[in-house]
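Reading the sequence shown from the start, the letters are residues 6 to 165 in my numbering. Here the structure is laid out as structure tokens; the discussion comes afterwards.
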Amino acid sequence: MTIAVLPGSFDPVTLGHVDIAARAATLFEHVIVAVAHNSAKTPLLDVDTRLALASGALAHLSNVSVEATSGLLVEFCRERGAGVIVKGLRGGADYDYERPMALMNRSLTGIETVFITGDTALAHVASSLVRDIARHGGDIAPYVPDDVVAAVHKAVRAAG
Ligand code: PNS
């Protein structure tokens with residue numbers, strides 16, 4: 006059985022992530038969405054919230070599960086028996102960002118990264134832009150699953 010790991014910060018999960026997870030779910034027998042907890046980053050949403058929102062957004066995909074991870078990604082993949090890392094690409098900038106990580110992960114353990122191109126209608130959707138729109142009082146509803154809207158606005162208010 007080919008298990009794939011789809012890692013990311015998911016701060017917050019977007020419709021772009023849902024699109025990539027759905028495409029990955031058709032290619033692999035099981036997909037583990039790994040919500041990364043990185044102590045060097047200060048996310049808008051805490052890891053439990055990111056995990057809950059991603060779980061809700063992907064609940065309709067029966068062969069997709071969602072877990073938090075905090076260590077080396079390749080170690081998480083080894084522990085879960087995953088043979089593939091899967092990432093979504095919106096364009097060339099994503100490839101430039103992802104390529105060194107794909108090469109490093111392969112150098113570390115031999116694990117391959119498979120890139121999936123997402124829906125072109127979502128090519129402008131990014132968690133960083135969603136956070137910025139929310140911080141400036143804009144409407145994020147077109148870009149994220151329904152449950153994410155209130156959670157992001159709540160986190161923005163709490164952050165002051
Ligand atoms: O959504 P992001 O922030 O672009 O995701 C980056 C992520 C979480 C995939 C990357 O930082 C990662 O893999 N972190 C886990 C720690 C690790 O393995 N670092 C070495 C990567 S070569």
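The beta-carbon is built from N, C-alpha and C at its ideal position, and this holds for glycine as well. All values reported here derive from a predicted model rather than from experimental measurement.
Where do the N-terminal and C-terminal ends of the alpha helix (DSSP H) with residue i fall, by residue?
i: P150; result: Unbroken run through P150: none, as it is neither H nor E.
i: A26; result: L20 to L32
i: I138; result: S132 to R140
i: T54; result: V52 to A62
From the options, pick the residue whose C-alpha is nearest to that of residue i; which is it?
i: E34; options: S44, S70 and H158; result: S70
i: S44; options: L77, A26 and L58; result: L77
i: T122; options: Y100, G143, A107 and R140; result: Y100
i: N68; options: L113, S112, G21 and T7; result: T7
Check the C-beta distance from residue i over to residue j and give it rounded, since I have them as a contact under 8 Å.
i: A29; j: L11; result: 6 Å
i: L48; j: V157; result: Reading off the sequence, residue 48 comes out as Pro, not Leu. 11 Å between Cβ atoms; not a contact.
Specify, as a first and last residue, the run of the beta strand (DSSP E) that residue i falls within.
i: T74; result: V69 to T74
i: L11; result: I8 to G13
i: A93; result: What sits at residue 93 in the sequence shown is Gly, not Ala. V89 to L94 is the span of the beta strand (DSSP E), which, as asked, contains G93.
i: A107; result: A107 -> not in any beta strand (DSSP E); alpha helix (DSSP H) instead, spanning G97 to T114.
i: H65; result: Segment: none, H65 is in no beta strand (DSSP E) and carries neither H nor E.
So, residue i versus residue j, is the Cβ gap smaller than 7 Å?
i: R55; j: F81; result: no
i: I145; j: V161; result: no
i: I37; j: E84; result: no
i: A9; j: V89; result: yes
i: A41; j: T74; result: yes
i: L108; j: D24; result: no
i: T19; j: Y102; result: no
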